[in-house]
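Engineer: This is the structure, below, for whatever I ask next.
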Amino acid sequence: MESVLFYIFAVAALISAVAAVTRIDPLMSALWLVGFFIPAAALMALLGAPVLAALVVMVSASVAMVMAIFVIMLIDPKMRQRQRLVRFGKILGVAASGYLAIVMAIAVAAPPFTASPSSGDYFESPATLGRVVISRYALPFELVGIMLLTAAVAAVIIGRREASS
Amino acid sequence: MTLTLQHYLVLAVAIFAVGAAGACVRRNILIIFMSIQVMFGAAMLALCAFARWNLLPEGKAAIFFVIAVMSAQAAVGLVLLVAAFRRCGTVFVDEMRLLRD
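Residue numbers (this note's numbering), protein chains in the order written: chain E, 1 to 165; chain V, 1001 to 1101.
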């Protein structure tokens, strides 16, 4: 049952990832990206992290996509599409990524192939994650909060129109 | 057929390579941005699989921080993108030639 679900979500995630990077129109690309994050979140739920799955759907698939679509709508449709053309750089990019994939696949494809250990309530419980984040990783947690605040302030400052010009 | 750690890792590698190819090949800055998000998703998947197989909740905490970094990247990145579009009038990275012109 678990492997059937894995293959369904894996195929869905791969197809939507490929579609997201190959569409000409960025709007379609953004919609495919939402379609990528949902099976990715489902895979995380399958891996015993339901809280993170919910977070990924809420943060990535919703907030980021609302912002992306907002930005895409801001840009004139005629300005954002262009015909496909094949260039040396594209061939090189695909070749480099394929090489990267092969090297990483060789690196991870070494035995032992073991089934997952039974996870139990301690690992899957949201309380465990909360306790780890608040106690042992309290300082990184606060730093992330400061980073998000800085990012929000930076976004406002960069994004506002120049008053003088 | 049982699932192994390698199943998840190979899937993550494949998705990461798709994202990397998109970031290298595409010239539209919006799609480059989304390719980076695809790569983030692949990295989160690999971290989640490692956390599950080693039964370490710390791995899930790392994903929590990755999500936070990703949202900060989304906020600043999108605003930078809008600023670049206002200045250059284009969303294609090969047409942004402020230094050359």
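Heads up, the beta-carbon is just placed ideally off N, CA and C, and yes, glycines get one too.
Using a threshold of 8 Å, state whether the C-beta atoms of Ile38 (chain E) and Val57 (chain E) are closer than that.
Structural biologist: Yes, they are a contact pair.
Engineer: Where does Phe70 (chain E) land, buried or exposed, given buried means 16+ other C-beta within 10 angstroms?
Structural biologist: Per the 10 Å Cβ criterion, exposed.
Engineer: Determine the contact status of Val946 (chain V) and Val18 (chain E), defining contact as a CB-CB distance below 8 Å.
Structural biologist: The structure shown does not extend to residue 946 (chain V), since chain V spans only 1001 to 1101, so no value can be given for it.
Engineer: Within 10 Å of its beta-carbon, does Tyr1008 (chain V) have 16 or more other beta-carbons around it, so buried, or fewer, so exposed?
Structural biologist: With 16 or more Cβ atoms within 10 Å of its Cβ, Tyr1008 (chain V) is classed as buried.
Engineer: Between the C-alpha atoms of Phe1085 (chain V) and Phe123 (chain E), what's the straight-line distance to the nearest angstrom?
Structural biologist: Spanning the two alpha carbons is a distance of roughly 45 Å.
Engineer: So, does the CB of Ala1021 (chain V) fall closer than 8 Å to a CB anywhere in chain E?
Structural biologist: Yes - at least one Cβ of chain E is within 8 Å of the one on Ala1021 (chain V).
Engineer: When you compare the CB positions of Ile1036 (chain V) and Val1093 (chain V), do they come within less than 8 Å of one another, or not?
Structural biologist: Against a cut-off of 8 Å, the Cβ pair of Val1093 (chain V) and Ile1036 (chain V) comes out as no contact.
Engineer: Per the contact definition of three or more C-beta pairs closer than 8 Å, is the stretch 149 to 159 of chain E in contact with the stretch 90 to 107 of chain E?
Structural biologist: Flag = no, the stretch 90 to 107 of chain E and the stretch 149 to 159 of chain E do not touch.
Engineer: Does the distance from the CB of Val1038 (chain V) to the CB of Phe36 (chain E) come in under 8 Å?
Structural biologist: In this structure, Phe36 (chain E) lies closer than 8 Å to Val1038 (chain V) by Cβ.
Engineer: Please report the distance separating the alpha-carbon of Phe1078 (chain V) from that of Ile1063 (chain V).
Structural biologist: Looking at the sequence shown, residue 1078 (chain V) is not Phe but Leu. Looking at the two C-alpha atoms, the distance is approximately 22 Å.
Engineer: On the CB-based measure, 16 or more other CB atoms within 10 Å of its CB, does Met73 (chain E) come out buried or exposed?
Structural biologist: The residue is exposed, with fewer than 16 neighbouring Cβ atoms inside 10 Å.
Engineer: Rounded to a whole number of angstroms, what is the C-alpha to C-alpha distance between Cys1088 (chain V) and Leu129 (chain E)?
Structural biologist: Rounded to whole angstroms, Cys1088 (chain V) to Leu129 (chain E) spans 45 Å at the Cα level.
Engineer: Spatial neighbours of Arg1026 (chain V) within its chain, please: C-beta separation below 8 Å, excluding the five flanking residues on both sides.
Structural biologist: Within the same chain, Arg1026 (chain V) has close Cβ partners Ile1032, Ser1035.
Engineer: In angstroms with no decimal places, state the Cα-to-Cα distance between Ser125 (chain E) and Leu46 (chain E).
Structural biologist: Computed Cα separation, rounded: 13 Å.
Engineer: Which bits of chain C does Met1034 (chain V) rub up against, with CB to CB less than 8 Å?
Structural biologist: Looking at the structure shown, chain C is missing, and the protein chains on hand are E and V.
Engineer: Please check if any C-beta of chain E sits within less than 8 Å of the C-beta of Val1045 (chain V).
Structural biologist: A quick correction: the sequence has Leu, not Val, at residue 1045 (chain V). Yes, because at least one Cβ of chain E sits closer than 8 Å to the Cβ of Leu1045 (chain V).
Engineer: Any idea which residues DSSP pairs Thr128 (chain E) with across the strands?
Structural biologist: BP columns for Thr128 (chain E) are empty, so no partner.
Engineer: Run through chain E and tell me which residues come within less than 7 Å of Cys999 (chain V), C-beta to C-beta.
Structural biologist: Nothing about residue 999 (chain V) can be read from this structure; chain V reaches only from 1001 to 1101.
Engineer: In its own chain, which residues sit with a C-beta less than 7 Å from the C-beta of Gly48 (chain E), not counting the 5 before and 5 after it?
Structural biologist: So the qualifying residues of the chain are Ser119, Phe123, Glu124.
Engineer: Is the CB-CB distance between Leu1005 (chain V) and Trp1053 (chain V) below 8 Å?
Structural biologist: Result yes, Cβ atoms of Leu1005 (chain V) and Trp1053 (chain V) sit closer than 8 Å.
Engineer: Measuring only between beta-carbons, confirm whether Phe123 (chain E) sits less than 8 Å from chain V.
Structural biologist: Chain V contact via Cβ: present.
Engineer: Is the stretch 1064 to 1075 of chain V close to the stretch 100 to 109 of chain E, with three or more CB pairs under 8 Å?
Structural biologist: Not touching, per the Cβ criterion.
Engineer: Select from the stretch 1064 to 1089 of chain V all residues with a C-beta closer than 7 Å to any C-beta belonging to chain E, and list them in chain order.
Structural biologist: Residues passing the 7 Å Cβ filter: Phe1064, Phe1065, Ile1067, Ala1068, Met1070, Ser1071, Ala1072, Ala1074, Ala1075, Val1076, Leu1078, Val1079, Leu1080, Leu1081, Val1082, Ala1083, Phe1085.
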